Amino acid sequence: MALAFSDMNALACGFCIEDKIAAVYDHAVVSTALTHKHQVAFFALAGEVATGTNSRREIEAVGNATPGVDKGSVRVSLEAATLSLAYDPVRTSFASLEDALSRKLAARRISVAILRIMDRPAELKSVTQR
Amino acid sequence: MRMKALTSWVFMAIVLSACGRNASTPTVDRYDISKMDLKPTPAVLSTERHTGPFAIGASLNMTAELKPLDPSPVKEIRLDTTHKVIDIAPGIKFSAWTFGDQVPGPTVRARVGDKIRFSMTNRSDETVPGIQVMQAPMMHSMDFHAAMVSPQDKYRSVAPGQTISFEFTLNYPGVFMYHCGTPMILEHIASGMYGAVIVEPREGYPTKASREYVVIQSEFYAKPDPDKRKIDGAPLYVLDGDSLRKATPNYTVFNGSHNGMVNNPLPAKTGERVRLFVLNVGPSKTSSFHVVGTIFDRVWMDGNPDNQFRGMQTVLLGSSNSAIVEFLIPEDGSYIMVDHHFANASQGAIGLVSTSAKPLAKDLEHHNMAATASPTDPDSVMGKQAFESKCLACHSIGQGKKVGPDLSGVTSRRSDDWLSRWLKSPDKMLQTDADAKAMLKEYNNVPMPNQNLSDAEITQYVKYFHWVDAQPAGKATATENH
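See below:
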């Protein structure tokens, strides 16, 4: 898995939403989540990302500590300024999850915006499409 | 009267002048933007997964030898993405990502005005029959340099199991690259996700060629798998992110294979005109493409005959640059395609256009190029790389003495223990070891500098020297690694 999710510098335009998602797409996380009828959310990050004050591991830790998030499922790309996580929609609604994550990351001067949600294999949906 | 005659002459001169212009200037602007198709339809995403072959299309060419142009004005093309293990050099099994299940991906051949109707399923989550998937599935995309479309619509990344379909019209002639554009693009290209689209001018090429081949140059940045996995008993190699970012490849190849077209030359006959469609994929090195023994009669930069040079020896191609080169085969022989940056040639960017199906070994020794046999053992590979980048200023392999000794045969002259101690601290050895002292005297008192090598690096050097000495005489050489 580490091979697929390497820690290389940003070397692409990364402009498209799907490119941002690709930077934090981890097939093992997605497969496990969907098998358990969990969902995977992909967020854009803005603010003090990649400034040295917020390391990738620190942001991952914040995500993993958010209620409803599957432990160990958070992936962060500082280069693409993107975060992904898997969560159990039975334990928490997406709105609650987003609110909690926003509050936690706001303390680190980082804002989040949802890009896509995956609740079925190979389908990246906007929030309104769900 | 004289005035009338003068007027007639002026009129005639104008007419002749105009005729002359008409004869040399095209009356039709082939680049008339108003006549180009710049209204592509939106891409379609679906979860309908392709099954069956990974590459489909009458316009696809799976090998270097190109088929004639498919006359259909609409080219239906399927190029699915896969993850598989490929052979980039003897014994070097590399964990690659592909279009159409091969590296390079199939070459598309079409014509200006043709419509490409493209679809691609990300099948990186499928196990290729007979070969275990070595890399985790991931998102991929397709970026056609031949297209004029919105990247945000057509070139978006798709997840495993997704299919993207879109179409576009070919507006310019050329030899264009296609590649995966998903971040990190450098990783995706270096892992094998690239190919060529040949777009012929609407009216065809101005010359008639007897043979047409595609030659795609690219780099590989391979390191032994940290998990020491093996394929059929041979070590698996994976992408080396460090050397990738430093742009220090260990294999630079034509058509995906180290010295591949040496063992299987591109055939030609004496007197024939050969047309090569050359694309330098990179991702980070330029190519000085040259064919030993002939001169390029025509060079069409980026594959467009309007960008013509005549009588060229070499064509310089940056990453994603291309050219069509044409040359005559003057007499029987093996004409050697090389990247004239010889560091690249020594890494495998070499091939033959030959009038003989099996060229003689002596044909291959030109510039010592085919003599660059490569080790396959990971330590020896690393040792070779280190030697070629650090030691060639003072040493050679089989080329005689320089500032220091020729290291061919060194493992029969010295024990492994002696070599290891010497590489570890030559300064200490020069104080205590009689052989070291004698060598210093023989080489004009120029001491071997202490390179501060680690034990692992020393092991790699020693293994490389053993590999050199296990080769047939003169077979192993070392070329400076820039």
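Residue numbers (the numbering used here), protein chains in the order written: chain A, 45 to 174; chain B, -4 to 477. Built from N, CA and C at the ideal position, the CB exists for glycine as well. On a predicted model such as this, the values are computed, not experimentally measured, just so you know.
Query, Result
"Three-state secondary structure (DSSP) of Thr177 (chain B)", "coil"
"His71 (chain A) at chain B interface by Cβ criterion, 8 Å", "yes"
"Same chain, Cβ closer than 8 Å to Asp479 (chain B), five either side skipped, listed in chain order", "As shown, chain B starts at -4 and ends at 477. That puts residue 479 (chain B) outside it, with no answer to give."
"Spatially closest choice to Leu414 (chain B) from B:Glu383, B:Leu448 and B:Met332, by CA coordinates", "B:Leu448"
"DSSP state of Asp148 (chain B) mapped onto helix, strand, coil", "helix"
"Proximal residues of chain B, C-beta to C-beta of Ala67 (chain A) below 7 Å", "Pro178"
"Chain-ordered residues of the stretch 241 to 268 of chain B with a beta carbon less than 8 Å from chain A", "none"
"Where Thr76 (chain B) meets chain A, residues with beta-carbon distance less than 9 Å", "By Cβ distance, chain A contributes nothing, its closest Cβ being about 12 Å from Thr76 (chain B), past 9 Å."
"Where Gly493 (chain B) meets chain A, residues with beta-carbon distance less than 8 Å", "This structure leaves residue 493 (chain B) out entirely; chain B is present only between -4 and 477."
"Reduced DSSP secondary structure (H/G/I, E/B, other) of Leu414 (chain B)", "helix"
"Residue span of the alpha helix (DSSP H) that contains Ser155 (chain A), given as start and end", "Here Ser155 (chain A) belongs to no alpha helix (DSSP H); instead the beta strand (DSSP E) covers Ile154 to Arg164."
"Among A:Ala72, A:Arg153, A:Asp114 and A:Ile103, nearest to Ser119 (chain B) - alpha-carbon criterion", "A:Ala72"
"Beta-carbon separation (whole angstroms), Leu55 (chain B) vs Ala191 (chain B), contact threshold 8 Å", "At roughly 11 Å, the Cβ-Cβ gap does not stay under 8 Å, so Leu55 (chain B) and Ala191 (chain B) are not in contact."
"Between the CA atoms of Leu89 (chain A) and Ser121 (chain A) - distance to the nearest angstrom", "9 Å"
"Proximity test, Cβ basis, 8 Å: Asp114 (chain A) and chain B", "no"
"Of the residues B:Tyr167, B:Val320, B:Lys241 and B:Pro442, the one placed nearest Arg270 (chain B), counting alpha carbons only", "B:Val320"
"For Ala46 (chain A), three-class secondary structure by DSSP", "Note that Ala46 (chain A) has pLDDT 33, beneath the 50 cutoff, so the model's placement of it is unreliable and no number is given."
"Entirely enclosed beta strand (DSSP E) segments - the stretch 307 to 349 of chain B, minimum 3 residues", "309 to 312, 316 to 323, 329 to 334 and 345 to 349"
"Counterpart residues of Lys64 (chain A) in DSSP-defined beta bridges", "Bridge partners of Lys64 (chain A): none, in fact."
"Check whether Asp138 (chain B) and Gly176 (chain B) have beta carbons under 8 Å apart", "yes"
"Other residues of its chain near Val441 (chain B): CB distance less than 6 Å, five sequence neighbours each side excluded", "Val398"
"Cβ-Cβ distance between Lys379 (chain B) and Ser369 (chain B) below 8 Å", "yes"
"Contact with chain A by Asp138 (chain B), beta-carbon distance below 8 Å", "no"
"8 Å contact criterion, which Ala242 (chain B) and Lys280 (chain B) should meet: CB distance rounded", "7 Å"
"Inter-residue Cα distance where the pair is Ser314 (chain B) and Val68 (chain A)", "27 Å"
"Own chain, CB closer than 7 Å to Pro478 (chain B), minus 5 neighbours either side, in chain order", "Nothing about residue 478 (chain B) can be read from this structure; chain B reaches only from -4 to 477."
"Chain A contact for Ala185 (chain B) (CB, 8 Å cutoff)", "no"
"Counted within 10 angstroms of its Cβ, other Cβ atoms place Ser64 (chain A) as buried (16 or more) or exposed", "One detail in the question is off: residue 64 (chain A) reads as Lys in this sequence, not Ser. So Lys64 (chain A) ends up on the buried side."
"Below-8 Å beta-carbon distance, Asp120 (chain B) vs any chain A residue", "yes"
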